[in-house]
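In our numbering, the protein residues as written are 1 to 366.
Quick reminder that beta carbons are idealized off the backbone N, C-alpha and C, glycines included.
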Ligand code: F6R
Ligand code: MG
Ligand code: MG
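Right, dumping it as structure tokens:
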């Protein structure tokens, strides 16, 4: 029996601004998923929120991209949207881009990361959920987990990891993917994924025998090939231990709050702060961008856990560093590189400003 973990998320309304998906929405989602579990559609679930995103973590035996599971998520988000509308929450239903479900969530607004595999006798994994950022925000930490020997000791000293991992990279602009193998093609991988607004790590595989190791939601980015489609607060699933990185090797990259795109109006860069589930409530300048991590085991489809991994005091320093970097970045105000470049901004008045000034521009001369 192959188990699938489906993490599906959408912003269907939030409290006090683009701030936090409140408890009544989570309750509505739990009610829907409880019913589906009783009916045998899914095996188990955990509902949470990261900032203004409602997160459905589900297990089932129906494979990746299952129409039934995607439809369940869609109906659940619609039910939560009804509650958001009743409560007059901000942005009710904002991520449900279509009126009718058509077999799969691709192109419909919600983001998803799914991994199907044969369960090992013990199957530990981590679900990452981030807010006020984009899928490329996971490029750096995922590279470190699966390819950086200074992060992942196992790449050097464990025979099970020594052969390295394969990376599937999505080119957001061209709507195409390429698979590259680490460590042999490490510099090529970095040449691409060092530009996270354009190239995004979508999946990682263990090599010989090939097995899925990680998946990142790139759903919306994949929407319209050839066109930059903007950001989507991402989720990721990463398998742990044995022939995958150890739990601590998976979490270690987040001790460095690297700069990511997506803060305030999706138009600013800021540090990615690792936080507990309780602290995934961005409020300073609508941020700074956050990531939370829940650890589970799955056994014949049943979820054991979660453990709130970034609640560990060992991440306090990363949070303090993120706050310092946030202060530093904020002092740039509307200047780049705090403000993103024109191509990446979600909001911009630049065309209007240029149009208004058109007649006043004159040749620079010497
Ligand atoms: C960032 C985000 C927020 C909003 C901002 C303005 O991803 O969600 O920073 O962009 O609060 O929101 P509106 O335009 O809805 O007032
Ligand atoms: Mg939002
Ligand atoms: Mg969000």
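Helix, strand or coil at residue i [DSSP, three-state]
i           : result
residue 325 : helix
residue 67  : helix
residue 118 : strand
residue 199 : strand
residue 359 : helix
residue 102 : coil
residue 364 : coil
residue 227 : Because the pLDDT at residue 227 is just 49, under 50, the model does not fix this residue reliably, and the value given afterwards should be weighed accordingly. In the structure shown, residue 227 sits in coil (DSSP, three-state: anything other than H, G, I, E or B).
residue 304 : strand
residue 181 : strand
residue 14  : strand
residue 51  : coil
residue 316 : helix
residue 271 : strand
residue 85  : helix
residue 276 : coil
residue 248 : helix
residue 146 : helix
residue 154 : helix
Close Cβ partners of residue i (< 6 Å) along its chain, the five nearest in sequence each way excluded
i           : result
residue 140 : 258
residue 184 : none
residue 228 : Only weak support is given to the placement of residue 228: the predicted model assigns it a pLDDT of 49, under 50, and the question is left unresolved by the model.
Of the residues the options, the one placed nearest residue i, counting alpha carbons only
i           : options            : result
residue 299 : 20, 278, 24, 60    : 60
residue 147 : 307, 245, 202      : 245
residue 9   : 34, 31, 51, 16     : 51
residue 260 : 112, 129, 135, 42  : 135
residue 126 : 98, 275, 240       : 240
residue 346 : 263, 18, 332, 276  : 263
residue 91  : 283, 98, 11        : 11
residue 210 : 186, 233, 219, 181 : 181
residue 89  : 73, 41, 18         : 18
residue 278 : 23, 13, 3, 6       : 23
residue 202 : 191, 177, 208      : 177
residue 40  : 301, 310, 285      : 301
residue 163 : 36, 195, 207       : 207
residue 128 : 247, 102, 104, 75  : 247
Whole-Å CB distance - residue i paired with residue j, under 8 Å assumed
i           : j           : result
residue 114 : residue 215 : 6 Å
residue 58  : residue 33  : 7 Å
residue 157 : residue 204 : With 8 Å as the limit, residue 157 and residue 204 do not qualify as a contact, their Cβ atoms being about 20 Å apart.
residue 131 : residue 290 : 5 Å
Near ligand 5: residue i beta-carbon under 7 Å from a heavy atom
i          : result
residue 11 : In the structure on display, ligand 5 does not appear, and the ligands it does have are ligand 1, ligand 2 and ligand 3.
Spatial neighbours of residue i in its chain, beta-carbon cut-off 7 Å, leaving aside the 5 residues before and after
i           : result
residue 306 : 46, 294, 295, 296
residue 325 : 257, 271
Residue i: CB within 7 Å of a non-hydrogen atom of ligand 3
i           : result
residue 132 : yes
residue 233 : yes
Same chain, Cβ closer than 8 Å to residue i, five either side skipped, listed in chain order
i           : result
residue 242 : 120, 160
residue 226 : Low local confidence applies: a pLDDT of 45 at residue 226 is under 50, so the model's placement there is unreliable, and no value is given.
Any non-hydrogen atom of ligand 1 within 7 Å of residue i CB
i           : result
residue 264 : yes
residue 286 : yes
residue 194 : no
residue 18  : yes
residue 91  : yes
Proximity test, residue i beta-carbon vs ligand 2 heavy atom, cut-off 7 Å
i           : result
residue 188 : no
residue 208 : no
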